[in-house]
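A.B. asks: Protein sequence lines correspond, in order, to chains A and B. Taken in order, the first sequence gives residues 0 to 253; the numbers are from numbering that gives the first Met the number 0. Taken in order, the second sequence gives residues 0 to 369; the numbers are from numbering that gives the first Met the number 0. Every residue gets a Cβ at the ideal spot worked out from N, C-alpha and C, and that includes glycine.
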Amino acid sequence: MFEIGGKTLKSRLFVGTGKLPDYSLIEKMYYEAGVEVFAVAVRRIGPNTKHTKNVLEYIPKDAIIMVNTSGAQDHKEAVKIAMIGRELTNSNWVKVEIEKDTKYLFPDSIETLKACEILVKEGFKVFPYIYPDLNLAKELEQIGVEAVMPLGSPIGTNKGIGCEVLLKPIINEIKIPVIIDAGIGRPSHAAKAMEMGADAVLINTAITTSSDPVKMALAFSKAVEAGRLAFEVGLLKEYEYAQASSPLEDFITG
Amino acid sequence: MTEFIRKAEKVWEEFKDYVPTYDEVCEILEKEVVNIEDAAKLLNVEDKNSILLMASKAKKLTRENFGKVILLYAPLYISNYCQNGCVYCGFSCRKNYKREKLEFNEIENELRAMKEEGIDSVIILTGEDRIHSPVDYIEQACKIAANYMSEVSIEVYPLLEEEYRSLASAGVVGITIYQETYQKEDYKKLHPFGPKKDFEFRFKAVERALSAGFHEACVGPLLGLSHPKKDVLCTLLHAEYLLDRFPKAEISVSFPRVRSAGTDFVPKFSVSDKEFIKFLIVARLYLPRVGIVISTREDARLRDALIDVCITKMSAGSKTTVGGYVAQEEEKDAQFEVEDRRSVAEVVDSIIKKGLRPEFTNWVRGVGSL
């Protein structure tokens, strides 16, 4: 159990929905893999058409919708998208994702900070997607966001925790939850993020584009749980040579 | 800004005879980034196994960047008046085709018929005729379309920046404009008269539209009009140029093949299915995040195979005649003949059968800068 954004959650695995082959998998991930938080891009909450239903109709009522501002290119757009998202979903959880280029999809730090300032004041539970930038994370903590979501590696790359040396100081210094978002490609990457002390992970591509998203969500869910347990127990240090396992010091006095 | 055409030319000259071995193909595919020289080499690959290997990397890139989603749209031809003399086109002014132009209430009827089929994204098309289909006519049509569809784009004659600006405020988000060929000498011969003669004005249209506030653009050649591989290389560099210059825009490419349209035009080059498939795969390998669009010019079987590899957006249930959605008649005076005549529902079914999700709305109206 952990507290975040005013809720108590069992699962530390959050899942994005945009790339799913079929929205009916959302419900299965909720029941079969225990996923409680689903990120939904507002730009894609389309009207029902003859052949497709709105994504919101597939999300179980007890699950939490994290509205995503992806597609926003500056803070004004992000705020507007968040407002529309809250209206459409009745959820005040918003992932602030602002990207100025469509080639790499790197988050824009300056615009993200501006948007978060406004959205916190507007009463949103704000979850900014950021570079692993400690100074920015501290500023965001100060203005009252619920968590920071630094990227593990560039979005969609499945490269894992490529930014480890930058993520560690954030996990160590920031008091609010740290959710590793983007770049996690395998359950072992997710386990590593959790072993490092991250509070949760958000996965999209690695689950949704796999050949069995529900089973893959379950795999990630177990990895996240394992990593978290290990972190709570405390990992043993790595050594280059063997360590004596019994306390002989008492006998070896000099 | 036409520098990339010269660059494509140079790269082509250097690698036109270079056919990479299977091992070399593997090496290129293992690289983090496929550069334009690699792309030129891959265009020459003939070996089946190499092409299949390229396809599997292309598929991986498509899924990583676009997920298991295929966007659907349909075109709406509102006028076929045209002053151009494109030698290959069914709308060309030399044809004795029945000239038609939809009234606004007819446009509304068409949109309603499209909406009933499930379409939520439309491209408004006209021939090039500033007298019969002036900009304010197009603008009004787009405003009507915006009442029915989440997304409205245009594929009309090149406009001035301020004209694009007024269309953007009417709710238009995207532009599709084919250069037909990037090779100026051939372009001149293919467009002997009419405003389209002006290569530069057409070429710079995308940039005017993106500067004016459009945020989606689709570019490409009409394959077969001129040297296809050179035109593909130009398109790749054109898309990359646009990405660099307009980093916020969503850029797509498309490679329609020239089709018979009641003309006796014989294309200079024919592009086989194999070549066509290879071109799309190379486009994906070179531009992992760029949309790839395929129209109903291609047949159902090929389209179904390609959505599994590199396509991100396709038209469905298209009518290429003016008033075609209400009339539901065989296209006689069409700009080109439709090969994939399946209904929207049938296309949706085949997408789902591939384990993909059909999506009709790319951007919800009112979200972001729309």
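1. Could you check whether A:V14 and A:I206 sit closer than 8 Å to each other, using their CB atoms as the reference points?
2. Between the region 66-97 of chain B and chain A, which residues of the former have CB atoms less than 7 Å from a CB of the latter, in chain order?
3. State yes or no: is the beta carbon of B:T360 nearer than 8 Å to at least one beta carbon in chain A?
4. If we count Cβ pairs, one from each stretch, closer than 8 Å, do we get three or more for the region 118-136 of chain B versus the region 149-161 of chain B?
5. Just checking: is the beta-carbon of B:D119 within a distance shorter than 8 Å of some beta-carbon in chain A?
6. Interface residues of chain B around A:N254 at Cβ under 9 Å?
7. Does A:A38 come within less than 8 Å of chain B when only Cβ atoms are used?
8. Given a limit of 8 Å on CB to CB distance, which residues of the region 339-363 of chain B reach chain A?
9. Under 7 Å Cβ-Cβ, which residues of chain A neighbour B:P246?
10. What do you get for B:A344, buried or exposed, if any count of 16 or more other CB atoms within 10 angstroms of its CB means buried?
11. What did DSSP end up calling B:L369 once you bin it into helix, strand or coil?
12. According to DSSP, is B:Y177 part of a helix, a strand, or is it coil?
13. Would you grab the beta carbon distance between B:I106 and B:A140 for me? Rounded to a whole angstrom, and I think it's under 8 Å.
14. When the distance is taken between beta carbons, is B:A73 closer than 8 Å to B:V121?
15. Would you list the residues sitting across from B:R256 in a DSSP beta bridge?
16. Nearest to B:A315 by CA position, among B:V321, B:C309, B:E338, B:V308, is which residue?
17. Can you tell me whether DSSP reads A:F13 as helix, strand or coil?
18. Going along the chain, which residues of the region 3-32 of chain A sit with their C-beta nearer than 8 Å to a C-beta in chain B?
19. Which runs of the alpha helix (DSSP H) spanning at least 4 residues fall entirely within the region 259-337 of chain B, listed in chain order?
20. Under the rule that 16 or more other beta-carbon atoms within 10 Å means buried, what is B:T20, buried or exposed?
21. For B:R98, which residues from the same chain have a beta carbon less than 7 Å from its beta carbon, with the 5 sequence-adjacent residues on both sides left out?
22. Could you tell me which residues DSSP pairs with A:K124 in its beta bridges?
23. Under the DSSP definition of a beta bridge, which residues are partnered with A:P212?
24. Beta-carbon of B:E109 versus every beta-carbon of chain A: anything under 8 Å?
25. Kindly indicate the opening and closing residues of the beta strand (DSSP E) around A:V36.
26. Any Cβ of chain B within less than 8 Å of the Cβ of A:H50?
27. Of the residues B:N34, B:I27, B:Y17, B:S225, which one's Cα is nearest the Cα of B:Y87?
28. The region 159-170 of chain A: which residues have C-beta closer than 9 Å to a C-beta of chain B, in chain order?
29. Count the CB pairs spanning the region 39-58 of chain A and the region 195-215 of chain A that are closer than 8 Å, and state whether there are at least three.
30. Say whether chain A places a C-beta atom closer than 8 Å to the C-beta of B:L242.
31. Would you say B:R288 faces chain A, with C-beta separation under 8 Å as the test?
32. For A:T111, return the contacting residues in chain B, with the cut-off set at a CB-CB distance below 9 Å.
33. Determine the contact status of B:I280 and B:V252, defining contact as a CB-CB distance below 8 Å.
34. Is the CB-CB distance between A:Y259 and A:E26 below 8 Å?
35. Can you check DSSP and say which residues form a bridge with A:K158?
36. Can you grab the Cα-Cα spacing for the pair B:S149 / B:L232, in whole Å?
C.D. replies: If we stick to the structure as given:
1. Position 207 of the first sequence, counting from 1, holds the residue named residue 206 of chain A. Position 15 of the first sequence, counting from 1, holds the residue named residue 14 of chain A. Yes.
2. Under the 7 Å Cβ criterion, the region 66-97 of chain B contributes G66, K67, V68.
3. By 1-based counting over the second sequence, the position of residue 360 of chain B is 361. Closer than 8 Å: yes.
4. Three or more Cβ pairs drawn from the region 118-136 of chain B and the region 149-161 of chain B lie within less than 8 Å of each other, which places the two stretches in contact.
5. For the purposes of this step, residue 119 of chain B is taken as residue 120 along the second sequence, with counting starting at 1. Chain A, which has a Cβ nearer than 8 Å to the Cβ of B:D119, makes this yes.
6. Here chain A has residues from 0 to 253 only, and residue 254 of chain A is not among them.
7. Locating residue 38 of chain A in the first sequence gives position 39, counting from the first residue. With 8 Å as the cut-off, A:A38 does not count as an interface residue toward chain B.
8. Of all residues in the region 339-363 of chain B, V343, A344, V347, I351, G354, L355, R356, P357, E358, F359, T360, N361, W362, V363 have a Cβ within less than 8 Å of some Cβ in chain A.
9. By 1-based counting over the second sequence, the position of residue 246 of chain B is 247. Residues of chain A whose Cβ lies closer than 7 Å to the Cβ of B:P246 are, in chain order, K99, D100, T101, K102.
10. Along the second sequence, read from residue 1 onward, the residue named residue 344 of chain B stands at position 345. Label assigned to B:A344: exposed.
11. Taking the first residue of the second sequence as position 1, residue 369 of chain B is located at position 370. Any answer about B:L369 is weak, because its pLDDT of 43 lies below 50 and its placement is not dependable; what the coordinates show is given next. Here B:L369 sits in coil by DSSP.
12. Stepping through the second sequence from its first residue, residue 177 of chain B is reached at position 178. Per DSSP, reduced to three states, the secondary structure at B:Y177 is strand.
13. On the second sequence, residue 106 of chain B is found 107 positions in, with the first residue counted as 1. On the second sequence, residue 140 of chain B is found 141 positions in, with the first residue counted as 1. That pair is a contact at about 5 Å.
14. Mapped onto the second sequence, residue 121 of chain B falls at position 122. Mapped onto the second sequence, residue 73 of chain B falls at position 74. Yes, the pair counts as a contact, with Cβ atoms nearer than the cut-off.
15. As a first step, residue 256 of chain B is located in the second sequence; it is residue number 257 there, counting from the start. DSSP lists B:L222 as partners of B:R256.
16. By one-based count along the second sequence, residue 315 of chain B stands at place 316. Relative to the Cα of B:A315, the nearest Cα in the group B:V321, B:C309, B:E338, B:V308 belongs to B:E338.
17. For the purposes of this step, residue 13 of chain A is identified with residue 14 of the first sequence, where counting begins at 1. Residue state, collapsed to three classes: strand.
18. Flagged, chain order: G17, K18, L19, P20, D21, Y22.
19. The region 259-337 of chain B contains, as complete alpha helix (DSSP H) runs of 4+ residues, the segments 272-285, 299-306, 323-326 (chain order).
20. Within the second sequence, residue 20 of chain B is the residue found at index 21, counting from 1. By the 16-neighbour rule on beta-carbons within 10 angstroms, B:T20 is exposed.
21. Residue mapping note: residue 98 of chain B aligns to position 99 of the second sequence, counting from 1. Cβ neighbours of B:R98 beyond the five flanking positions: N79, Y80.
22. In the first sequence, residue 124 of chain A corresponds to position 125, counting from 1. Within the DSSP bridge table, the entry for A:K124 names A:W92 as partners.
23. The sequence position of residue 212 of chain A within the first sequence is 213, counting from 1. None; A:P212 has no bridge partner.
24. For the purposes of this step, residue 109 of chain B is identified with residue 110 of the second sequence, where counting begins at 1. Output row for B:E109: interface = no.
25. Here residue 36 of chain A refers to the residue found at position 37 when the first sequence is read from its first residue. Segment 36-40, the beta strand (DSSP E) holding A:V36.
26. Taking the first residue of the first sequence as 1, we reach residue 50 of chain A at position 51. At least one chain B Cβ lies under 8 Å of A:H50.
27. By one-based count along the second sequence, residue 87 of chain B stands at place 88. Of the candidates B:N34, B:I27, B:Y17, B:S225, the one whose C-alpha sits nearest the C-alpha of B:Y87 is B:S225.
28. Residues passing the 9 Å Cβ filter: none.
29. They do not touch, by the three-pair rule.
30. Start at 1 with the first residue of the second sequence, and residue 242 of chain B comes out as number 243. Yes, B:L242 counts as interfacial toward chain A.
31. As a first step, residue 288 of chain B must be located in the second sequence, where it is residue number 289. With 8 Å as the cut-off, B:R288 counts as an interface residue toward chain A.
32. The residue labelled residue 111 of chain A in the question sits at position 112 within the first sequence. Neighbours of A:T111 on chain B: none; closest Cβ ~15 Å, over 9 Å.
33. The count along the second sequence starts at 1 and reaches residue 280 of chain B at position 281. The count along the second sequence starts at 1 and reaches residue 252 of chain B at position 253. In terms of Cβ geometry, B:I280 and B:V252 do not form a close pair [threshold 8 Å].
34. Since the first residue shown for chain A is 0 and the last is 253, residue 259 of chain A is missing from the structure and cannot be characterised.
35. The residue labelled residue 158 of chain A in the question sits at position 159 within the first sequence. Beta-bridge analysis with DSSP links A:K158 to no other residue.
36. Locating residue 149 of chain B in the second sequence gives position 150, where the first residue counts as 1. Locating residue 232 of chain B in the second sequence gives position 233, where the first residue counts as 1. Linking B:S149 to B:L232 through their CA atoms gives a straight-line distance of about 33 Å.
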